[in-house]
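In my numbering, the protein residues as written are 262 to 588. Don't be surprised by glycine CBs; every beta carbon is placed ideally from N, CA and C. Since this is a predicted model, take the numbers as computed values, not measurements.
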Ligand code: FO1
């Protein structure tokens, strides 16, 4: 079975771990979000690609869900001693090596897709990991910073990098707009459209529908390829009981005018794209509303508390895909 998964960071990576275990023989292609990418200290950092690569390659810091296990921060401390920032983004020594190799290869002319493949040669994630695009796309967030306070703002409307919004400000101010800068001009990376065309099923893991899956879908051609592939497209709600399972998805959903409920996220994707949607059992009451929107819906446990629970979620998603196919 050929499965294509559109993945953000932690939620996508953990779901993939369950999916791999659920269907060990499947051929899984992961289209990774690169809108979270940021240039720091002259280096290209790709948080979502790395989170997938480290998680599936057993190198992730399990507690955090991002960054390397057994990490140290000497380099960051040395940079801080020179007064060189930013100090709000935690890059560890082991992680720095990945960014150095990536930046060196990009500088030598390799596209990000080839660099990612080279990095995966070491980590052996057991999936084919492709960035959504080789072109630069950067998610920016429009905010109004308060006059005083921890955000250190001036009362002005500003557009800041997604990581500054997420990590430095911890989404403490409303996101007024979310813009995937460069997405309109970006082309899908080599292999992306081919993998979608050859897929038996496309899955949206419980990743952020705006800044993760939404950014991937914003690359011209990807949404259309999925809608036209003629195979079941099944998603898992990242919202359980009207709140994000992890992260601050509600803040960016508000920016695009979508309420933070499992049903609203399904409607946001829409029946033109999505055939099936899994909601958590606590949201069983919305099944009817989602089905009325033309999307087949089931309520099952959606908390990735451990690998077994995640494996069950992956199986439910594939079972729903089969139901869609048979209908
Ligand atoms: N998330 C944080 O909350 N704080 C950090 O300092 C941080 C550093 C970081 C470094 C490398 C990396 O690959 C990811 C990192 N993340 C950090 C996670 C990341 O900012 C976001 O969770 C994702 O971009 C959202 O998918």
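Cα separation between residue i and residue j?
{"i": "residue 551", "j": "residue 287", "result": "29 Å"}
{"i": "residue 285", "j": "residue 274", "result": "16 Å"}
{"i": "residue 457", "j": "residue 450", "result": "12 Å"}
{"i": "residue 387", "j": "residue 416", "result": "48 Å"}
{"i": "residue 268", "j": "residue 484", "result": "14 Å"}
{"i": "residue 472", "j": "residue 530", "result": "13 Å"}
{"i": "residue 586", "j": "residue 489", "result": "14 Å"}
{"i": "residue 297", "j": "residue 283", "result": "28 Å"}
{"i": "residue 380", "j": "residue 325", "result": "21 Å"}
{"i": "residue 315", "j": "residue 321", "result": "5 Å"}
{"i": "residue 361", "j": "residue 368", "result": "10 Å"}
{"i": "residue 356", "j": "residue 500", "result": "30 Å"}
{"i": "residue 300", "j": "residue 341", "result": "17 Å"}
{"i": "residue 462", "j": "residue 568", "result": "22 Å"}
{"i": "residue 445", "j": "residue 265", "result": "22 Å"}
{"i": "residue 292", "j": "residue 418", "result": "33 Å"}
{"i": "residue 359", "j": "residue 549", "result": "46 Å"}
{"i": "residue 535", "j": "residue 333", "result": "42 Å"}
{"i": "residue 459", "j": "residue 430", "result": "41 Å"}
{"i": "residue 331", "j": "residue 350", "result": "18 Å"}
{"i": "residue 556", "j": "residue 525", "result": "12 Å"}
{"i": "residue 372", "j": "residue 304", "result": "15 Å"}
{"i": "residue 517", "j": "residue 491", "result": "28 Å"}
Quick one: what does DSSP say residue i is sitting in, helix, strand or coil?
{"i": "residue 479", "result": "coil"}
{"i": "residue 380", "result": "helix"}
{"i": "residue 512", "result": "helix"}
{"i": "residue 439", "result": "strand"}
{"i": "residue 419", "result": "strand"}
{"i": "residue 399", "result": "strand"}
{"i": "residue 465", "result": "strand"}
{"i": "residue 374", "result": "helix"}
{"i": "residue 602", "result": "Not covered by the structure: residue 602. The range shown for the chain is 262 to 588."}
{"i": "residue 308", "result": "helix"}
{"i": "residue 361", "result": "helix"}
{"i": "residue 457", "result": "helix"}
{"i": "residue 388", "result": "coil"}
{"i": "residue 556", "result": "coil"}
{"i": "residue 563", "result": "coil"}
{"i": "residue 268", "result": "strand"}
{"i": "residue 494", "result": "strand"}
{"i": "residue 431", "result": "coil"}
Measure from the alpha carbon of residue i to the alpha carbon of each residue in the options, then state which is nearest.
{"i": "residue 427", "options": "401, 335, 443 and 302", "result": "401"}
{"i": "residue 242", "options": "484, 498 and 489", "result": "In this structure the chain extends from 262 to 588, so residue 242 is not present and cannot be described."}
{"i": "residue 421", "options": "408, 407 and 436", "result": "436"}
{"i": "residue 522", "options": "544, 459 and 507", "result": "544"}
{"i": "residue 247", "options": "269, 516 and 295", "result": "This structure cannot settle anything about residue 247, because the visible part of the chain is limited to 262 through 588."}
{"i": "residue 508", "options": "424, 279 and 303", "result": "424"}
{"i": "residue 571", "options": "279, 266, 271 and 263", "result": "279"}
{"i": "residue 327", "options": "306, 517 and 443", "result": "306"}
{"i": "residue 434", "options": "455, 407, 316 and 454", "result": "407"}
{"i": "residue 323", "options": "440, 270 and 553", "result": "270"}
{"i": "residue 546", "options": "502, 534 and 519", "result": "502"}
{"i": "residue 527", "options": "431, 517, 419 and 538", "result": "538"}
{"i": "residue 289", "options": "262, 304 and 303", "result": "262"}
{"i": "residue 443", "options": "391, 476, 566 and 356", "result": "476"}
{"i": "residue 347", "options": "532, 486 and 302", "result": "302"}
{"i": "residue 452", "options": "391, 441 and 493", "result": "391"}
{"i": "residue 209", "options": "492, 487, 441 and 430", "result": "The requested residue 209 is not part of the displayed model; the chain covers only 262 to 588."}
{"i": "residue 312", "options": "377, 349 and 370", "result": "377"}
Would the C-beta of residue i count as close to the ligand GTP, meaning under 6 Å from any of its heavy atoms?
{"i": "residue 303", "result": "Summarising the ligand content, the structure contains the ligand FO1 and does not contain the ligand GTP."}
4 or more residues per run - each alpha helix (DSSP H) lying fully within the segment 496-546
510-516 and 523-530
So does the segment 460-468 actually touch the segment 262-277, counting three or more Cβ pairs closer than 8 Å?
yes
With a threshold of 8 Å, are at least 3 pairs of Cβ atoms found where one atom belongs to the segment 575-583 and the other to the segment 554-566?
yes
Between the segment 475-486 and the segment 388-398, can you find at least three pairs of beta-carbon atoms closer than 8 Å?
yes
Any chance the segment 512-529 sits against the segment 332-339, with 3 or more Cβ pairs inside 8 Å?
no
Pick out the complete alpha helix (DSSP H) segments inside the segment 277-357, 4 residues or longer, and give them in chain order.
308-317 and 335-342
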